[in-house]
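Read through the structure below, which is laid out as structure tokens, and then see the notes.
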Amino acid sequence: MQYVLWPECGWQPVSLTDLITGASVKKVYRKATLCIHPDKVQQKGANLQQKYIAEKVFDLLKVCFQYLHCVLFLFFVLFFPC
1458 MQYVLWPECG
1468 WQPVSLTDLI
1478 TGASVKKVYR
1488 KATLCIHPDK
1498 VQQKGANLQQ
1508 KYIAEKVFDL
1518 LKVCFQYLHC
1528 VLFLFFVLFF
1538 PC
């Protein structure tokens, strides 16, 4: 995200070691969505281009997080059946 977001948005890069547990992934996801939520970006006085970028990144984050949940669910169903 640090490559597409502007410096004033407040996003700080995250290392892979910060994404080891499910709880840490969720925490970083929440931080990211708060940073680029379209309403928050608008409140901070972003220009039109920044609003567009924030909206697209926000949508992508949601899709990726949902995909991660699906993959993890399938992993546990396949490898740890009840």
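According to the working numbering, the stretch in the sequence shown is residues 1458 to 1539, in order. A virtual CB, placed ideally from N, CA and C, is assigned to each residue, including glycine. Since we're looking at a predicted model, the values are computed, not measured.
C1492 burial status per 10 Å Cβ neighbour count (16 or more: buried): Counted from its first residue, the sequence shown places residue 1492 at position 35. Result: buried.
Burial state of C1521 (16 or more Cβ within 10 Å): For the purposes of this step, residue 1521 is taken as residue 64 along the sequence shown, with counting starting at 1. Counting Cβ neighbours within 10 Å, C1521 comes out exposed, since fewer than 16 surround it.
V1514 to M1458 span [Cα, whole Å]: Residue numbering aside, residue 1514 sits at position 57 when the sequence shown is read from its first letter. Residue numbering aside, residue 1458 sits at position 1 when the sequence shown is read from its first letter. Cα to Cα, the separation comes out at about 8 Å.
Collapsed DSSP secondary structure at L1462 in the structure displayed: Numbered from its first residue, the sequence shown carries residue 1462 at position 5. The answer is coil: DSSP assigns L1462 none of H, G, I, E or B.
When V1461, T1474, K1483, H1494 are compared against D1516, the one with the closest alpha-carbon: Walking along the sequence shown from the start, residue 1516 turns up at place 59. D1516 has its Cα closest to that of H1494, out of V1461, T1474, K1483, H1494.
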